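Quick note on my numbering: the sequence shown kicks off at 401 and runs consecutively.
Even glycine gets a Cβ: it sits at the ideal position worked out from N, Cα and C.
Source: prediction; values computed, not measured.
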Amino acid sequence: MIDSLREHGIDCRVLTGHGNVGYGRGHNLAIRQTTGRFHLILNPDIDLDVHALANGCEFFDTNPDTGLVAPWIGHDAGDQQYLCRRYPSVLDLLVRGFLPVRMRRWFAGRLARYEMRDLINDHDVVWDPPIISGCFMLFRTDVLKKLGGFDPRYFLYFEDYDLSVRAHDVARVAYVPSVRVIHHGGGASRKGFAHIRMFAASACKFYNRFGWRLW
């Protein structure tokens, strides 16, 4: 793939030799070296609509106070995923992350509010969603560098929550449904005790920094 990109005149580089330093630290290696106007944080299980990046860049050009764009995200089947979030309570995280699906219906209203289903749709721009998913974060590079990238204290989980909350201090954040992607994964990595322990440790870091909310 790298050779193919270079054949089309696209300058690209693969960063290697650093081992598994964690999600945020790994991205920070690239963020420190980026020089373009915009920087895309993207998971490997995301497919982009052919116009996604062009629409995102156009939105930045017409909204100069915007520093971070979140996309419309779909499942493989085409239905929408709701990955913008309001600030989470501990109960929200427990219900969303650990309850069996058949039991989540008892908390359907609560989860709908947490996932901003009252605002997020396929046609309206939503300004300043509190938290957006790290599977796709399109930044103005100067805003991302001002934030210092991801907080390296998170090895995995909640680094995107942390970065989202901090982004509101320096720029507007926008959910832009004309930026469309398909997310093939989602939640697949959270398996076993090691991941549960990592999730809990990162949640504590997040709440200790920004404030605890139990329910």
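Cross-strand partners of residue i (DSSP beta bridge)
| i | result |
| --- | --- |
| I402 | In DSSP, I402 forms no bridge with anything. |
| I473 | Q481, V581 |
| D396 | It is not possible to answer for residue 396, since the shown part of the chain is limited to 401 through 615. |
| H439 | F539 |
| V573 | L468 |
| I531 | R485 |
Separation of residue j from residue i, as counted between CA atoms
| i | j | result |
| --- | --- | --- |
| G497 | G409 | 43 Å |
| R504 | P488 | 16 Å |
| S602 | L440 | 23 Å |
| D411 | F438 | 15 Å |
| A452 | D569 | 26 Å |
| V579 | L448 | 9 Å |
| E407 | M516 | 43 Å |
Sub-7 Å separation of residue i and residue j beta-carbons
| i | j | result |
| --- | --- | --- |
| G456 | A571 | no |
| L429 | L415 | yes |
| I473 | H584 | no |
| L491 | W615 | yes |
| I446 | F536 | yes |
| L547 | R566 | yes |
| V525 | A574 | yes |
| Y561 | I520 | no |
| D522 | P577 | yes |
| V581 | P444 | no |
Residue i (DSSP reduced to helix, strand or coil)
| i | result |
| --- | --- |
| W612 | coil |
| L556 | coil |
| V526 | strand |
| H595 | helix |
| R504 | helix |
| R413 | coil |
| I431 | helix |
| L363 | Examination of residue 363 is not possible in this model, given that the chain is present from 401 through 615 alone. |
Given residue i as reference, the closest of the options once Cα atoms are compared
| i | options | result |
| --- | --- | --- |
| M598 | Y423, G419, D411, I402 | Y423 |
| I607 | L493, G592, V469 | The sequence given here has Tyr at residue 607, not Ile. Checked all of L493, G592, V469; the closest Cα to Y607 is L493. |
| F559 | R580, L547, G534 | Residue identity differs from the one stated: residue 559 is Glu in this sequence, not Phe. Ranking the options by Cα distance to E559, first place goes to G534. |
| R485 | R510, W506, T462 | R510 |
| A600 | F555, R413, S564, V543 | F555 |
| R553 | L563, R517, R437 | L563 |
| P530 | V469, G419, V495, D465 | V469 |
| L544 | T435, N420, I402, D403 | T435 |
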